[in-house]
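Here is the structure we will look at.
Okay, here's the thing in C-alpha cells:
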C-alpha cells in the first residue's frame, strides 16, 4: 500500500482490521465485491474531503437538535373578559421601533396569544 506524505512525516499508519493491515489480494477482492463504488476509498483510507463532509453534516444535525422551543403551559381564562368570544381573533394597533423610526403594526390576537 503506498504511503502518502502525511504518513511519512508522522510515521503513523492506521488500519481497521488485520486483513487491511496485511493488504492481501483476497482482502482487496472482498472490498471490491462488497462495496463496488467505494473500493478505492475503503482501501486507500479516509480523505480530507470526506472528513469535512461528515463533520459538516454532524454540526448541522447537532445545531438542529439544539434548536428546540421551550415547552409552555397554556392555561385557560379563569374569568373570561367581557365581550370576548373564544375562537374569534381580536386585532390591536401598536408600534415597533425599527432603526430609530416607529413603524405602525396591526396585531392579531387569538385567544390572548399574539
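In this note's numbering, the protein residues as written are 18 to 131.
Every residue, glycine too, gets a C-beta built ideally from N, C-alpha and C.
CA-to-CA distance, residue j to residue i, given in whole angstroms
| i | j | result |
| --- | --- | --- |
| residue 51 | residue 81 | 34 Å |
| residue 63 | residue 86 | 37 Å |
| residue 99 | residue 124 | 20 Å |
| residue 89 | residue 103 | 20 Å |
| residue 29 | residue 42 | 23 Å |
| residue 18 | residue 40 | With a pLDDT of only 48 at residue 18, under 50, the local geometry of the prediction cannot be trusted, and the value read off the model is given with reservation. Taking the straight line from one Cα to the other gives about 7 Å. |
| residue 76 | residue 53 | 29 Å |
| residue 38 | residue 65 | 21 Å |
| residue 74 | residue 91 | 36 Å |
| residue 115 | residue 31 | 57 Å |
| residue 110 | residue 97 | 22 Å |
Enclosing beta strand (DSSP E) for residue i [first to last residue]
| i | result |
| --- | --- |
| residue 126 | 118-126 |
Which of helix, strand or coil DSSP assigns to residue i
| i | result |
| --- | --- |
| residue 112 | strand |
| residue 130 | strand |
Extent of the continuous alpha helix (DSSP H) to which residue i belongs
| i | result |
| --- | --- |
| residue 34 | Segment: none, residue 34 is in no alpha helix (DSSP H) and carries neither H nor E. |
| residue 90 | Unbroken run through residue 90: none, as it is neither H nor E. |
| residue 67 | 65-83 |
| residue 44 | 42-51 |
Sequence-distant residues of its chain with Cβ nearer than 7 Å to residue i (five each side left out)
| i | result |
| --- | --- |
| residue 119 | 112 |
| residue 70 | none |
| residue 78 | none |
Close Cβ partners of residue i (< 8 Å) along its chain, the five nearest in sequence each way excluded
| i | result |
| --- | --- |
| residue 108 | 123, 124, 125, 126 |
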